[in-house]
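Shown next, in structure tokens, is the structure this report addresses.
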Ligand SMILES: Nc1nc2c(ncn2[C@@H]2O[C@H](COP(=O)(O)OP(=O)(O)O)[C@@H](O)[C@H]2O)c(=O)[nH]1
Ligand SMILES: [Mg+2]
Ligand SMILES: [Zn+2]
């Protein structure tokens with residue numbers, strides 16, 4: 319799938335009034351964060367993008383690809399889906415072994431080498447979480463951290479999806495910086511929904527949500543870049559303390 | 005003439021939830037809708053449809069298979085829909101019998117499945133999925149995107165002819181696509197003379213007619229025995 323940008327055409331907020339932002343174009347390679355209070359419409363915005371809304375959802379938004387209405391098959395056929403969505407779910411429910419699941423998944427996405435793709439995902443997941451995941455492990459028996467690591471690796475590696483939507487990575491219980499580094503690809507559109515200040519400042523621009531509508535669009539300032547580095551130092555410090563505590567050390 | 009949409013699938017898959025979302029959308033489009041629910045022992049679904057402001061009735065099949073029961077009553081149900089001036093008549097079935105499917109050749113057959121249930125469910129439910137026109141997958145919000153896709157794949161492997169749509173029964177997202185497919189299928193027809201898509205086997209064994217005692221000596225009629233290794 320080759321395209322340069324997606325455009326969100328504004329719809330209505332919860333009161334049926336036009337939302338402030340009428341049109342917003344996001345180019346490949348850009349990272350946007352979406353912030354706002356719980357219930358402000360963040361997840362709905364993500365869902366509109368995932369579904370390639372066509373003025374047919376409650377928000378009446380429309381999503382364009384390179385300025386044009388996308389073909390419906392892009393939404394219908396999993397192998398043509400352009401959006402990889404890392405949801406808030408922390409556990410798998412499906413009754414399959416990890417390896418079988420990953421191979422089936424690769425087939426849906428029409429990966430040329432399903433077996434190799436599955437191995438690569440497991441390997442990446444195992445770098446993100448402390449406890450290694452076995453090929454034969456039952457999906458449902460994975461811990462929260464293992465499940466999340468596997469979901470992140472799967473999202474990152476099944477890269478024929480050029481848009482990545484991330485919902486609340488901070489709940490993962492794994493190294494969020496390592497996770498973000500895994501997900502970032504130079505050539506992708508990344509949209510992060512978050513309450514975490516560091517992640518909110520990791521994008522060049524942020525969309526402010528209010529009452530179901532896109533209320534404002536802010537660009538990262540110089541001052542905010544400084545704040546971001548401070549938060550990053552703080553986060554590394556916190557991880558270091560956590561590591562030492564886990565190792566049974568006194569601080 | 006009315007379009008008849010028969011919606012089946014396992015219990016708790018989200019049939020009523022999806023139908024309710026569909027009714028809201030159809031009504032906002034100015035379409036007139038009527039609903040009939042077929043169940044075995046009891047149901048409250050008809051009440052919940054009436055709350056949405058559409059005419060609704062329920063039929064209880066009691067001792068017989070709900071799909072046989074529906075086939076036997078389809079003419080009368082369709083006539084009721086016409087009396088209610090419904091452009092679209094939706095019939096929700098109980099979704100218990102995994103051997104029969106009540107879809108006819110000219111009705112629109114929809115099968116609802118949820119991706120929280122086992123990945124082995126699509127294999128088990130028979131003609132209600134393999135003969136349907138539209139398969140609806142619900143509860144995608146409860147699993148990862150990868151699981152939904154794998155589930156989708158297993159549905160499409162069993163019925164490659166069907167349109168597959170993901171609908172969230174609670175929020176209604178995706179229901180616009182279900183409506184679009186229903187709009188596209190040209191299905192207005194009169195039901196008398198229409199034919200079932202698959203045959204419905206009858207079970208006329210001793211237990212069908214009220215036998216309770218266990219043992220070969222009590223069994224008459226069509227008796228099928230398992231092959232058990234010695
Ligand atoms: N989270 C979630 N729950 C759903 C969805 N669809 C249906 N449900 C719930 O699943 C339960 C069973 O749904 P119902 O429509 O009664 O199933 P039916 O027996 O097939 O008619 C209800 O509690 C619904 O609210 C969905 O897409 N997501
Ligand atoms: Mg029901
Ligand atoms: Zn039956």
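Protein chains in written order, with the working numbering: chain A, 319 to 569; chain B, 5 to 234. We put the beta carbon where it would ideally sit given N, CA and C, even for glycine. A quick note: this is a predicted structure, and the numbers were derived from the prediction, not measured.
Is residue j closer than 7 Å to residue i when the C-beta atoms are compared?
i, j, result
"residue 474 of chain A", "residue 501 of chain A", "yes"
"residue 364 of chain A", "residue 545 of chain A", "no"
"residue 457 of chain A", "residue 422 of chain A", "no"
"residue 426 of chain A", "residue 153 of chain B", "yes"
"residue 69 of chain B", "residue 104 of chain B", "yes"
"residue 378 of chain A", "residue 330 of chain A", "yes"
"residue 195 of chain B", "residue 93 of chain B", "no"
"residue 12 of chain B", "residue 85 of chain B", "no"
"residue 4 of chain B", "residue 162 of chain B", "No statement about residue 4 of chain B is possible, as the shown extent of chain B runs from 5 to 234 and does not include it."
"residue 106 of chain B", "residue 71 of chain B", "yes"
"residue 542 of chain A", "residue 519 of chain A", "yes"
"residue 530 of chain A", "residue 386 of chain A", "no"
"residue 202 of chain B", "residue 224 of chain B", "no"
"residue 40 of chain B", "residue 81 of chain B", "yes"
"residue 453 of chain A", "residue 416 of chain A", "yes"
Label residue i either buried or exposed according to how many other C-beta atoms from any shown protein chain fall within 10 Å of its C-beta, with 16 as the threshold for buried.
i, result
"residue 359 of chain A", "buried"
"residue 145 of chain B", "buried"
"residue 351 of chain A", "buried"
"residue 151 of chain B", "buried"
"residue 560 of chain A", "exposed"
"residue 499 of chain A", "exposed"
"residue 524 of chain A", "buried"
"residue 197 of chain B", "exposed"
"residue 527 of chain A", "buried"
"residue 174 of chain B", "exposed"
"residue 53 of chain B", "buried"
"residue 90 of chain B", "buried"
"residue 121 of chain B", "buried"
"residue 355 of chain A", "exposed"
"residue 362 of chain A", "buried"
Looking only at C-alpha atoms, which of the options sits nearest to residue i?
i, options, result
"residue 66 of chain B", "B/113, B/212 and B/126", "B/212"
"residue 9 of chain B", "B/174, B/156, B/190 and B/176", "B/190"
"residue 22 of chain B", "B/182, B/145 and B/209", "B/182"
"residue 388 of chain A", "A/368, A/376, A/544 and A/440", "A/368"
"residue 46 of chain B", "B/97, B/168, B/104 and B/172", "B/97"
"residue 101 of chain B", "B/80, B/59, B/123 and B/133", "B/133"
"residue 547 of chain A", "A/516, A/524, A/537 and A/535", "A/516"
"residue 186 of chain B", "B/166, B/197 and B/204", "B/166"
"residue 87 of chain B", "B/125, B/37 and B/99", "B/37"
"residue 117 of chain B", "B/107, B/15, B/71 and B/28", "B/15"
"residue 42 of chain B", "B/231, B/195 and B/60", "B/60"
"residue 391 of chain A", "B/161, B/168 and B/229", "B/168"
"residue 402 of chain A", "A/476, A/355, A/408 and A/353", "A/476"
"residue 436 of chain A", "A/366, A/418 and A/373", "A/418"
"residue 533 of chain A", "A/336, A/416 and A/323", "A/336"
"residue 441 of chain A", "A/467, A/461, A/513 and A/373", "A/467"
"residue 409 of chain A", "A/461, A/380, A/376 and A/443", "A/461"
"residue 95 of chain B", "B/6, B/227 and B/225", "B/6"
"residue 83 of chain B", "B/193, B/204, B/205 and B/217", "B/193"
"residue 327 of chain A", "A/357, A/353, A/384 and A/496", "A/384"
"residue 486 of chain A", "A/565, A/514 and A/472", "A/514"
"residue 338 of chain A", "A/563, A/535 and A/366", "A/535"
"residue 228 of chain B", "B/205, B/51 and B/234", "B/205"
"residue 376 of chain A", "B/29, B/55 and B/34", "B/29"
"residue 448 of chain A", "A/556, A/565 and A/505", "A/565"
Just checking my contact of residue i with residue j at CB under 8 Å: how many whole Å lie between their CB atoms?
i, j, result
"residue 147 of chain B", "residue 119 of chain B", "5 Å"
"residue 75 of chain B", "residue 200 of chain B", "6 Å"
"residue 438 of chain A", "residue 451 of chain A", "Wrong, their Cβ atoms sit about 13 Å apart, outside the cutoff."
"residue 179 of chain B", "residue 64 of chain B", "Actually they are not in contact, since the Cβ atoms of residue 179 of chain B and residue 64 of chain B sit about 28 Å apart, beyond 8 Å."
"residue 149 of chain B", "residue 405 of chain A", "6 Å"
"residue 123 of chain B", "residue 412 of chain A", "5 Å"
"residue 143 of chain B", "residue 18 of chain B", "6 Å"
"residue 346 of chain A", "residue 323 of chain A", "7 Å"
"residue 446 of chain A", "residue 481 of chain A", "Not a contact, Cβ separation roughly 21 Å."
"residue 141 of chain B", "residue 155 of chain B", "6 Å"
"residue 344 of chain A", "residue 484 of chain A", "That belief does not hold up - the Cβ atoms of residue 344 of chain A and residue 484 of chain A are roughly 14 Å apart, past 8 Å."
With a CB to CB cut of under 6 Å and the five nearest residues on each side skipped, what residues in its chain are close to residue i?
i, result
"residue 382 of chain A", "325"
"residue 429 of chain A", "435"
"residue 55 of chain B", "none"
Excluding the five sequence neighbours on either side, which residues of its own chain have a C-beta within less than 8 Å of the C-beta of residue i, listed in chain order?
i, result
"residue 522 of chain A", "348, 349, 350, 537 and 538"
If you drop the 5 nearest sequence neighbours on each side, which residues of the same chain put their C-beta closer than 7 Å to that of residue i?
i, result
"residue 160 of chain B", "168"
"residue 188 of chain B", "none"
"residue 374 of chain A", "none"
"residue 550 of chain A", "516"
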